[in-house]
């Protein structure tokens, strides 16, 4: 916190935008998923963070940790391989605290995210789409070796990523649901959100059913599988799975691009929620979990109405307008 | 777009089974997709179908009734792409043709006899190699996974032993390698298990069984989200031509509409019979994933949403007793195949799995397989107990 002058904050106002990260609303999806009775689905609206995504939380947490460790010095530079949202989260905190940012972005990721990173004062270096996030990771380390006072945050392996969700997102969900959480359905990119949230929730209630959502086509090296249009989730190599604690994972649900796309449009029309494709994917997966609860409840003659399923909408749809997220499926581009 | 095709609204399984891919006919308003019994289609100008872009040219390449079936089955499995074939074996053959000489396939070791015959008698001479392992043990798969391995072929529940394979675990293992995971989902159906949701790449079906459901049509299908694989398979479907006819597609579609209600009834009957058989003196051991005594019941509960209608059991008194039983039932028809509304009984070692004789896949001679239909459970049990009495005449008592 070296850059922030100490002065008292006026009651009812925030000290700075960084203080506004987190404490996002948790809203029931009663129109998107509205069976006559049956489980209820709630979404944590992470796109309402100041930088527009869940990644604001880890931007703050990773910078806090680097400051505390002394690796990030006043005027230092933050280098990070990022699909965009982490860059925005980091750049937003860096803008307030006076750090420079250099982001390595695989070319395919959305233009809007890159514009926003630049608007927040960051510099961007592109790596080829084909090289994937691994190419970006390698390039980031290469650049860091050349720049004095540079720190690579390494969101794919930084414990502060998991810690942000263990300390904030998980407890917020628990409090907002008053402890009534039966299942959580979370997409995994770095696995940080999943591991942090689920570790906290399972400590409170080991019975919480934890579902990881992946887009079909994730997992690099499989020449057959093809790529996916869903952006921001999808674990593509072992190098990027270090934070995903598989012991916490009760099951995986794979969602395809068409299902995620349909859910995004349905969420906009029925719930007034403008969310990105990864949110569409988790919403679809949460619906599948809810369907199963209903049918197995009926089979067992038990009541499924009390079941509460929580999911998390990582970012908003506005940053994918140029990719045609709200057009027809075929017009939506990677 | 017709009213029942409201865009982007997510529907549940039962609804998809009836409506997916089956919008009312735009010309006549027919609620049921017509049987487009035609081989060819008029062209407006050379190379331009009368139906415009995306229209049809020749029924081996594409047919509207087949399209409806393919789209419906894809949606039910959580797939973007679906292809229908003339039989389950034609579907399996198309998937095998994705491979090249020298490629290796890891196969679960109690695979359907017809699949084994195709791999062994057609695949091997073509230059493929197959490793048959206990796929329930991920370590066994990992042990044989080599640089030439291109595919892992699974059945779960297996046929006829009804053992389970942890699809998610195998898919994760395959993730790091360039290996396709194929699941033959014929036994479970998408109502009971959706392998693509668990990380598999391809689902293969014999639609002859539960999907068709009435033992009156032969068919197969391959469903996937992997667009490059789909394109290759679509090429093979057209180039090799093992396509189902329009009437067969229509019959299968009609069967699929009631899949959910049938599967619930199959499961309910199977569970009733399995519980009774479990304590019958003529029965040595029984396998049904829905029984808590099944060694993988926990996995079954995690992976399956319906335990299906297949039961297998071994008899106390060996192969002769087993043979007497399968020949003694009256309601249970002695026949190969499975998945119809009527109950079937068979002796795999001498019938469906005879082709595995002498191989490592050979099944016990005293194993009986039941395909439990949706007749009244009490009638089925009466029939079975009478037949079981042939095996152990003096001790059997009727339960009612």
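Chains as they are written, first to last, in the working numbering: chain S, 1 to 334; chain C, 1 to 400.
The beta carbon of each residue, even a glycine, is placed where N, CA and C say it ideally should be.
Bear in mind the structure is a predicted one, so any value in this text is a computation, not a measurement.
Applying the 10 Å Cβ sphere with the 16-neighbour rule, what's the burial state of residue i?
i, result
"residue 333(S)", "exposed"
"residue 126(C)", "exposed"
"residue 58(C)", "exposed"
"residue 294(C)", "buried"
"residue 247(C)", "exposed"
"residue 137(C)", "exposed"
"residue 159(C)", "buried"
"residue 274(C)", "buried"
"residue 180(C)", "buried"
"residue 40(S)", "buried"
"residue 256(C)", "buried"
"residue 9(S)", "exposed"
"residue 450(C)", "Residue numbering for chain C in the displayed model covers 1 to 400; residue 450(C) lies beyond these limits and cannot be assessed."
"residue 313(C)", "buried"
"residue 109(S)", "buried"
"residue 128(S)", "exposed"
Kindly identify the DSSP beta-bridge partner or partners of residue i.
i, result
"residue 42(S)", "28(S), 310(S)"
"residue 370(C)", "311(C), 345(C)"
"residue 127(C)", "According to DSSP, which records beta bridges pairwise, residue 127(C) is partnered with nothing at all."
"residue 150(S)", "77(S)"
"residue 379(C)", "Partner(s): none; residue 379(C) has no beta bridge."
"residue 205(C)", "221(C)"
"residue 155(C)", "184(C)"
Can you find a C-beta in chain C that's less than 9 Å from the C-beta of residue i?
i, result
"residue 259(S)", "yes"
"residue 420(S)", "Outside the shown range of chain S, which is 1 to 334, sits residue 420(S), and nothing can be said about it."
"residue 28(S)", "no"
"residue 92(S)", "no"
"residue 368(S)", "What is shown of chain S runs 1 to 334, which leaves residue 368(S) out entirely."
"residue 325(S)", "no"
"residue 291(S)", "yes"
"residue 288(S)", "yes"
Is residue j closer than 9 Å to residue i when the C-beta atoms are compared?
i, j, result
"residue 210(S)", "residue 186(S)", "yes"
"residue 272(S)", "residue 320(S)", "no"
"residue 245(S)", "residue 207(S)", "no"
"residue 131(S)", "residue 159(S)", "no"
"residue 130(C)", "residue 105(C)", "yes"
"residue 135(C)", "residue 182(C)", "no"
"residue 286(S)", "residue 311(S)", "yes"
"residue 231(C)", "residue 186(C)", "no"
"residue 128(C)", "residue 96(C)", "yes"
"residue 56(S)", "residue 93(S)", "yes"
Could you give the distance in angstroms between the alpha-carbon of residue i and the alpha-carbon of residue j?
i, j, result
"residue 151(S)", "residue 123(S)", "15 Å"
"residue 260(C)", "residue 46(S)", "37 Å"
"residue 173(S)", "residue 308(S)", "12 Å"
"residue 370(C)", "residue 345(C)", "5 Å"
"residue 87(C)", "residue 113(C)", "15 Å"
"residue 391(C)", "residue 278(C)", "15 Å"
"residue 143(C)", "residue 99(C)", "21 Å"
"residue 149(S)", "residue 64(S)", "16 Å"
"residue 51(S)", "residue 22(S)", "11 Å"
"residue 354(S)", "residue 103(S)", "With chain S represented from 1 up to 334, any question about residue 354(S) goes unanswered, as that position is not in the structure."
"residue 361(C)", "residue 48(C)", "51 Å"
"residue 237(C)", "residue 91(C)", "9 Å"
"residue 202(C)", "residue 73(S)", "51 Å"
"residue 37(C)", "residue 116(C)", "34 Å"
"residue 375(C)", "residue 19(C)", "27 Å"
"residue 27(S)", "residue 175(S)", "13 Å"
"residue 347(C)", "residue 167(C)", "28 Å"
"residue 223(C)", "residue 61(C)", "17 Å"
"residue 153(S)", "residue 114(S)", "18 Å"
"residue 17(S)", "residue 97(S)", "11 Å"
"residue 100(S)", "residue 86(S)", "15 Å"
"residue 196(C)", "residue 251(S)", "13 Å"
"residue 34(S)", "residue 330(S)", "28 Å"
"residue 231(S)", "residue 281(C)", "58 Å"
"residue 367(C)", "residue 341(C)", "22 Å"
For residue i, decide whether its Cβ has a neighbour in chain S, counting only Cβ atoms nearer than 9 Å.
i, result
"residue 80(C)", "yes"
"residue 235(C)", "no"
"residue 305(C)", "yes"
"residue 9(C)", "yes"
"residue 221(C)", "no"
Is the closest heavy atom of the ligand NAP to the C-beta of residue i under 8 Å?
i, result
"residue 200(C)", "Of ligands this structure carries none, so the ligand NAP is not represented either."
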